[in-house]
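Peer 1:
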Amino acid sequence: MQSSTPDDVARQLAEEARPVLGAEGFSDERIDELAYAFVNDHVGEGRAQFVNWALAEGPFGLDPEEGF
Numbered sequence: 785m786q787s788s789t790p791d792d793v794a795r796q797l798a799e800e801a802r803p804v805l806g807a808e809g810f811s812d813e814r815i816d817e818l819a820y821a822f823v824n825d826h827v828g829e830g831r832a833q834f835v836n837w838a839l840a841e842g843p844f845g846l847d848p849e850e851g852f
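Mapping the sequence shown onto the working numbering, position 56 (from 1) lands on 840, and the numbers just tick up by one.
#1: Using a threshold of 8 Å, state whether the C-beta atoms of A794 and V835 are closer than that.
#2: Give me the Cα-Cα distance between A819 and S811, rounded to the nearest whole angstrom.
#3: Could you compute how far the alpha carbon of V742 sits from the alpha carbon of E817?
#4: Keeping to the same chain, check which residues put their C-beta closer than 8 Å to that of F844; ignore five residues upstream and five downstream.
#5: In chain order, what residues of the same chain lie with their CB nearer than 6 Å to the CB of T789, ignoring the 5 residues before and after it?
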């Protein structure tokens, strides 16, 4: 059995959630960003938890030009 890397898991999660999150106004870049954060920060597991968490985070991230 082949073990998946965190990057593989994040990519898979992003692809599974893309139709739902895209319909909510999330860009592909934002979906990928959130998927990597979800997996790497151990926020939760599975598509349903990811979608709920992503919706709470919102379709727009911090603007690097604005800073904190």
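In this text, a Cβ means the ideal position worked out from N, Cα and C, and glycines have one as well.
Peer 2: To lay it out plainly:
#1: no
#2: 12 Å
#3: Residue 742 lies beyond the stretch modelled for the chain, which goes from 785 to 852, so this question has no answer here.
#4: R814
#5: none
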